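One structure is given here, and the rest of the page talks about it.
Residue numbers (my numbering): 120 to 215.
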């Protein structure tokens, strides 16, 4: 069947980031609850975002970077649909 959240359609822009935010975009083939957990390379959770969950659509979440240091972060995007799960990890380079 169709993937709930195709991994190749999960990304952020701009990357490397510019200014105080970056937008994380993902496509869902059906409605889902979406949670985004952002970790630093040491594995510390630095932020957690609730995403929109519109099916058959591109969804976007803005990650505010005001309190985030420069560096590389891993965003774990997890979608939980009706008995269907999807996950992707993207690398985000924060440049201040």
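Each residue gets a CB set at the ideal place from its N, CA and C atoms; glycine is no exception.
Source: prediction; values computed, not measured.
To the nearest angstrom, report how far apart residue 205 and residue 156 are at their CA atoms.
So the alpha carbons of these two residues sit roughly 14 Å apart.
Look at the Cβ atom of residue 141, then the Cβ atom of residue 211, and state whether they are nearer than 8 Å.
For residue 141 and residue 211, yes; Cβs fall inside 8 Å.
Any chance you could list the beta strand (DSSP E) runs of at least 3 consecutive residues sitting entirely within the segment 134–178, in chain order?
List check, beta strand (DSSP E) in window: 140–147, 151–159, 164–170.
What span of residues does the beta strand (DSSP E) with residue 210 cover, start to end?
First-last of the beta strand (DSSP E) with residue 210: 204–213.
At the 8 Å Cβ level, is residue 141 part of the contact set with chain B, yes or no?
Absent from the structure is chain B; it holds one protein chain and no more.
Apart from the five residues on each side of it in sequence, which residues of its chain come closer than 6 Å, Cβ to Cβ, to residue 149?
Around residue 149: 174, 200.
Starting from the C-beta of residue 160, find all residues in its chain whose C-beta is less than 8 Å away, skip the five residues before and the five after it, and write them out in chain order.
190, 191, 192, 193, listed in sequence order.
Report, in whole angstroms, the separation of the C-beta atoms of residue 143 and residue 196, which I expect to be a contact under 8 Å.
About 7 Å; that satisfies the 8 Å criterion.
In terms of residue numbering, what span does the beta strand (DSSP E) encompassing residue 197 cover?
That run of the beta strand (DSSP E) goes 190–200.
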